[in-house]
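*Asks:*
Numbering (the numbering used here), first residue to last: 263 to 390.
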């Protein structure tokens, strides 16, 4: 039998987990600059690529955060979001594994990780 977890009393708010403000932006910029500097000092030849990748990642994460904030308001939009993310993960991983038409086989290892978690959430084993 699956036991219900009630995390409402001990669940910290988003602001307590990671306050988003000037200090976070400064720390992120500092770490990104450090990564680019290490790539430059190591003569790796892609210091600018590190900066571009970091900026792209920041924009992507901001967009995903906005989408997730919108999606959690409805079970249907949440389910659609999970499905889209699953398809994107399968397609991306599959194309990295093989160039041929067998990319869809990536559904097995990704599904093996995703399905148990979805089953627990769907049964209400984790509430919050």
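For each residue, glycine too, the CB sits at the ideal point set by N, CA and C.
When DSSP labels each residue in this structure, what does residue 371 get in the three-state scheme?
*Replies:* Residue 371: helix per DSSP, three-state reduction.
*Asks:* What's the C-alpha gap between residue 335 and residue 382?
*Replies:* One C-alpha to the other measures close to 20 Å.
*Asks:* Return the CA-CA distance between residue 308 and residue 339, expressed in angstroms with no decimal places.
*Replies:* Between residue 308 and residue 339, the C-alpha separation is close to 39 Å.
*Asks:* If I measure Cβ to Cβ from residue 318 and keep anything under 6 Å in the same chain, skipping five residues before and after, which residues do I get?
*Replies:* Closer than 6 Å at Cβ, skipping near neighbours: no residue.
*Asks:* I need the boundaries of the alpha helix (DSSP H) containing residue 332, first residue and last residue.
*Replies:* Per DSSP, residue 332 belongs to the alpha helix (DSSP H) from 309 to 333.
*Asks:* So, helix, strand or coil for residue 362, using DSSP?
*Replies:* Residue 362 falls in the coil class under three-state DSSP.
*Asks:* Any idea what DSSP makes of residue 377, helix, strand or coil?
*Replies:* Helix, per DSSP.
*Asks:* In angstroms with no decimal places, state the Cα-to-Cα distance between residue 311 and residue 292.
*Replies:* About 16 Å.
*Asks:* Among 298, 375, 341, 371, which residue has its Cα nearest to the Cα of residue 316?
*Replies:* Comparing Cα positions, the closest option is 298.
*Asks:* By how many angstroms is the C-alpha of residue 348 removed from the C-alpha of residue 341?
*Replies:* Looking at the two C-alpha atoms, the distance is approximately 11 Å.
*Asks:* Are residue 357 and residue 365 touching if we call contact CB-CB under 7 Å?
*Replies:* Yes, the Cβ-Cβ distance between residue 357 and residue 365 is below 7 Å.
*Asks:* In angstroms with no decimal places, state the Cα-to-Cα distance between residue 305 and residue 330.
*Replies:* The alpha-carbon atoms of residue 305 and residue 330 are separated by roughly 39 Å.
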